[in-house]
Amino acid sequence: MNKQIVFQRLGIILAYPLAYAYIRLVFDFTETAEWGPSFLDGKLTIALSYPVFALLFILVNEIVRRGRRDPVSIPTKETVFWYVMTLLAGLTATIGPEPELSVFAMHLCAVYSVLISNGILLGGRTSGFIPADLIHGFYVKSFAGFPNYITDWKCFGKQNADGDESAVKKKNHIGAVIFIIIMVVLLIISVSLMSSIDEDLGNFFDNLFSGIEDYIGEIQLYDIIPRLIFAIPVCFYLYGLMSRSAKSDCGKEKRFATWLTRFMGKGKTASATIVYIAAGVFVSAYILFFIKRLAYMLGGFVGDVPDGMLVSHYAREGFFELVGIMAVNMCVYLAIILFGKTDKEGSFPLPAKILVTLLMAESIIFAVIAMSKLGLYYSIYGYTPKRILAMWATLVLGFAAGLTAVTVHRGKPHFRAGVIFTSISYIAICILSGVLVAVGA
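Take the sequence shown: its letters are residues 11 to 451, numbered as in the numbering used here.
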């Protein structure tokens, strides 16, 4: 039997255990829950459930991919990177500032790793199409691949010398199964009638079924059965995502990416004058704001708090608004590139580049001011998960503003670098959070 058939069958066999693990380890978690077999004189706590599932997911995806593509293919560097990010995201769910955010990040990385491992990204690589890529993976590939778990069972049929399926007439066992079920039901009815006549026989079966009921209670079968049932659609979903992605030749993805690019290009109808005015309004508004509130906003750098104001109130006041303004500025830039007219090479006129650069520079200043306020608060009141998460969000937005300024002038998108930085920095901030908790910060 060739290796490809072996991988195909392993993928089918492991799909349901993976789905059950998802239900058991991800959906059924609590902070104090314990699960699994004994390990080093104890139980594997739920803290390990996320990375364990991530590792199982990666393993099954590789098996399915090799069974549908090439059994000896080696994952690319990009695939390995996103596999590692999936594993680390699962690991940081137990040490990061927000476990739910880490679990969400693990899901994003897992689906993205499936797409990139099969080379079916809309842009050919990590690009500005990443939202469409994720929608494509979470919904299109997975739900459209539901039937694959049924149709792919044909790999268990007899194979000829070339590994292809041979036309073998399958035996129909439905009649035998129905017959056995009928016989079991009739036997239960017969035994029940005999037990009602013979007291000793009745007592025997009462004790027997009572013992079985106690055993079922001990193994928590009443909890296991719902998981077994809910794992069925999850199995179809997970295997559908992997199998359909592995079977794709990227033809549909390329056609859709071309259509999406053409569709976005048709929306570029805003003239240069409108772009200048719109960007200029934002830039001018921020300059006036800086002039009016400069002394107040710079207080975080020197610890100078206005009279009559608590440090905690000063540090919090305006922080989230500053972060919100940075997010708005990114949206302004996105609106400009989506609707603003460009030349044949896709570049903006020099005045537009200057205005966008000024806008991003102001965003970076907002980021620095926000970090100063948060740093002042942190230096006095210490660590909390939300504070370190706020630092990360501010850092990411500031980095995005810097990349945007570089992109505008070089004409080469740096979206991939932004995604990688966001992913790595989040893992780093989660590890830092775990260290701070461990040292009692």
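Cβ atoms here follow ideal geometry from the backbone N, Cα and C, with glycine treated the same way. Computed from a predicted structure; not experimentally measured.
Environment of residue i [buried if 16+ CB atoms lie within 10 Å]
{"i": "ASN213", "result": "exposed"}
{"i": "TYR296", "result": "buried"}
{"i": "PHE166", "result": "exposed"}
{"i": "GLY275", "result": "exposed"}
{"i": "TRP402", "result": "buried"}
{"i": "ALA400", "result": "buried"}
{"i": "ASP162", "result": "buried"}
{"i": "ALA186", "result": "exposed"}
{"i": "GLU331", "result": "exposed"}
{"i": "ILE192", "result": "exposed"}
{"i": "CYS245", "result": "buried"}
{"i": "PRO2", "result": "The first residue shown for the chain is 11 and the last is 451, placing residue 2 beyond what the model contains."}
{"i": "TRP92", "result": "buried"}
{"i": "VAL342", "result": "buried"}
{"i": "VAL293", "result": "buried"}
{"i": "ARG34", "result": "buried"}
{"i": "THR268", "result": "exposed"}
{"i": "ILE437", "result": "buried"}
{"i": "LEU298", "result": "exposed"}
{"i": "ILE390", "result": "exposed"}
{"i": "THR404", "result": "buried"}
{"i": "PHE329", "result": "buried"}
C-alpha distance - residue i paired with residue j, whole-angstrom precision
{"i": "ARG493", "j": "ASN12", "result": "With the chain covering only 11 through 451, there is no way to say anything about residue 493."}
{"i": "CYS119", "j": "PHE409", "result": "21 Å"}
{"i": "ILE462", "j": "LEU69", "result": "Here the chain comprises residues numbered 11 to 451, so residue 462 is not present and cannot be evaluated."}
{"i": "SER127", "j": "GLY134", "result": "12 Å"}
{"i": "TYR387", "j": "GLN14", "result": "58 Å"}
{"i": "ALA142", "j": "LEU132", "result": "8 Å"}
{"i": "PRO107", "j": "ARG397", "result": "9 Å"}
{"i": "GLY100", "j": "PHE67", "result": "11 Å"}
{"i": "GLU88", "j": "GLY334", "result": "32 Å"}
{"i": "ILE140", "j": "LEU125", "result": "11 Å"}
{"i": "LEU203", "j": "PHE189", "result": "21 Å"}
{"i": "VAL449", "j": "LEU442", "result": "11 Å"}
{"i": "VAL445", "j": "ILE242", "result": "39 Å"}
{"i": "ILE145", "j": "TYR122", "result": "10 Å"}
{"i": "TYR149", "j": "ALA427", "result": "26 Å"}
{"i": "ARG265", "j": "ARG272", "result": "11 Å"}
{"i": "PHE63", "j": "TYR26", "result": "13 Å"}
{"i": "LEU365", "j": "MET340", "result": "13 Å"}
{"i": "ILE374", "j": "LYS257", "result": "44 Å"}
{"i": "PHE376", "j": "MET336", "result": "7 Å"}
{"i": "PRO359", "j": "SER281", "result": "11 Å"}
{"i": "LYS262", "j": "GLY147", "result": "13 Å"}
{"i": "ILE22", "j": "LEU111", "result": "31 Å"}
{"i": "THR86", "j": "TYR32", "result": "26 Å"}
{"i": "VAL338", "j": "LYS302", "result": "21 Å"}
{"i": "GLY290", "j": "PHE114", "result": "38 Å"}
{"i": "LEU344", "j": "VAL406", "result": "16 Å"}
{"i": "GLY385", "j": "PRO395", "result": "14 Å"}
{"i": "SER200", "j": "GLU209", "result": "15 Å"}
Residues sharing a beta bridge with residue i, DSSP
{"i": "ALA280", "result": "GLY350"}
Own chain residues within Cβ distance below 7 Å of residue i, not counting five before or after
{"i": "LEU65", "result": "LEU97"}
{"i": "VAL285", "result": "ILE346, GLY350 and ALA362"}
{"i": "TYR17", "result": "According to the sequence provided, residue 17 is Phe. The question's Tyr does not apply to it. Taken in chain order, the residues that qualify are ILE73, ARG76, GLY77 and PRO81."}
{"i": "GLY129", "result": "CYS260"}
{"i": "LEU24", "result": "VAL70 and ILE73"}
{"i": "PRO47", "result": "Bear in mind that the predicted position of PRO47 carries a pLDDT of just 37, short of 50, making it unreliable; the figure below should be weighed with that in mind. Result list for PRO47: empty, nothing under 7 Å."}
{"i": "TYR159", "result": "ALA25, CYS245, PHE246, TYR249 and GLY250"}
{"i": "TRP116", "result": "The amino acid at residue 116 is misidentified as Trp; the sequence shows Met. Taken in chain order, the residues that qualify are TYR60, ALA64, THR96, ALA99, GLY100 and ALA103."}
{"i": "LEU28", "result": "LEU66, PHE67, VAL70 and LEU248"}
{"i": "HIS424", "result": "LEU413, VAL416 and THR417"}
Close Cβ partners of residue i (< 6 Å) along its chain, the five nearest in sequence each way excluded
{"i": "PRO109", "result": "ALA103"}
{"i": "GLU372", "result": "TYR296"}
{"i": "SER152", "result": "TYR247, GLY250 and LEU251"}
{"i": "TYR30", "result": "ALA241"}
{"i": "TYR136", "result": "Inspection of the sequence shows that residue 136 is occupied by Thr rather than by Tyr. Cβ within range, chain order: ARG426 and VAL429."}
Sequence-distant residues of the same chain with beta carbon closer than 8 Å to residue i, five excluded per side
{"i": "THR367", "result": "ALA415, VAL418 and HIS419"}
{"i": "ALA154", "result": "GLY250 and ARG254"}
{"i": "ILE105", "result": "CYS440, ILE441, SER443, GLY444 and VAL447"}
{"i": "ARG19", "result": "GLY77, CYS165 and PHE166"}
{"i": "GLY412", "result": "MET370 and ILE374"}
{"i": "LEU270", "result": "LEU132, PHE139 and ALA142"}
Any C-beta of chain B under 9 Å from that of residue i
{"i": "VAL187", "result": "As a matter of chain content, chain B is missing from the structure shown, which is built from one protein chain."}
Does the region 77-95 come within contact of the region 415-423, defined as at least 3 CB pairs closer than 8 Å?
-> no
When the Cβ atoms of the region 427-437 are set against those of the region 377-386, are three or more pairs found closer than 8 Å?
-> no
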